[in-house]
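Structure, as structure tokens:
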Ligand code: NI
Ligand code: MN
């Protein structure tokens, strides 16, 4: 069975295979491009890259209702546990095996949105498919090392600019990460991050071996 990847707009993505679903940065409420009711979302794990509202989003409510395990950095995991939720705390550079595969926490150059924390990205091995979710980040040179140490099938990269990398930096990221496929995220949610994913696709496919797949908001693809 293939993996279903659903893009709810912004950085909100779910991955499902068999009866296991992981949500990443589940920003549903107040996400102007989302059409999914968070009260109807089912999941087993929620990965949270940082505590800005457009990433932690509906995490606490969904975890409370579903009993899902929140996987995040220590500060966010501790905050969730203090509210009686299930959490698995990690930190930058660490990897842990879960029932679906593994999660490695990567650096992201961004603010954390929680005292004492750090923003992060994730390398997710989901039933053998390797997905790099960069999180909110600036371009950084160690993406070359991430590309060398991981066979990335899908790289989910922000292209919105203003808060994160823009398209020019994301193109340089692709050159370093060497993924098979790139999915642009974190754009067109609001006017300050309006971008053309079509132009990004043209530039990446002209300059790199990677393919760019643009997933429309609220739609799913099989990977
Ligand atoms: Ni942020
Ligand atoms: Mn953001």
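Residue numbers (the working numbering): 214 to 436. Glycine included, every Cβ here is placed at the ideal spot set by N, Cα and C.
#1: Would you check if there are 3 or more beta carbon pairs closer than 8 Å linking the segment 277 to 293 to the segment 319 to 331?
#2: Under the rule that 16 or more other beta-carbon atoms within 10 Å means buried, what is residue 251, buried or exposed?
#3: Measuring alpha carbon to alpha carbon, tell me which of 253, 380 and 357 ends up nearest residue 365.
#4: The beta strand (DSSP E) with residue 246 in it runs from where to where?
#5: Please state whether DSSP places residue 298 in a helix, a strand or coil.
#6: When you compare the segment 266 to 279 with the segment 308 to 317, are there three or more beta-carbon pairs, one atom per stretch, that lie closer than 8 Å?
#7: When the distance is taken between beta carbons, is residue 258 closer than 8 Å to residue 282?
#8: Measuring only the C-alpha atoms, how far is residue 338 from residue 306?
#9: My guess is that residue 386 and residue 352 are in contact by the Cβ rule of under 8 Å, so how many angstroms apart are they, rounded?
#10: For residue 267 and residue 214, I'd like the C-alpha separation in whole angstroms.
#11: Measure the beta-carbon distance from residue 347 to residue 394 and round it to whole angstroms, keeping in mind my assumption that it falls under 8 Å.
#12: Tell me whether residue 335, by its Cβ, gets closer than 7 Å to a heavy atom of the ligand MN.
#13: Beta-carbon distances below 6 Å to any heavy atom of the ligand NI define the shell here; list its residues in chain order, please.
#14: Tell me which residues share the same chain as residue 264 and place their Cβ nearer than 7 Å to its Cβ, disregarding the 5 neighbours each side in the sequence.
#15: Shorter than 7 Å, the distance from the beta carbon of residue 383 to the closest heavy atom of the ligand MN, or not?
#16: Residue 392 and residue 407 - do their beta-carbons sit closer together than 8 Å?
#17: Find the nearest neighbour of residue 302 within the set 261, 344 and 414, judged by alpha-carbon distance.
#18: List the DSSP bridge partners of residue 334.
This is what the structure holds:
#1: yes
#2: buried
#3: 357
#4: Per DSSP, residue 246 belongs to no beta strand (DSSP E) and is neither H nor E.
#5: coil
#6: Segments in contact, no.
#7: yes
#8: 15 Å
#9: 6 Å
#10: 31 Å
#11: At roughly 14 Å, the Cβ-Cβ gap does not stay under 8 Å, so residue 347 and residue 394 are not in contact.
#12: no
#13: 263, 265, 268, 323, 349 and 376
#14: Only 289, 325, 326, 327 and 330 meet the Cβ criterion.
#15: Between the ligand MN and the CB of residue 383, the shortest heavy atom gap is not smaller than 7 Å.
#16: Their beta carbons are not under 8 Å apart, which means residue 407 does not touch residue 392 by this criterion.
#17: 261
#18: 319
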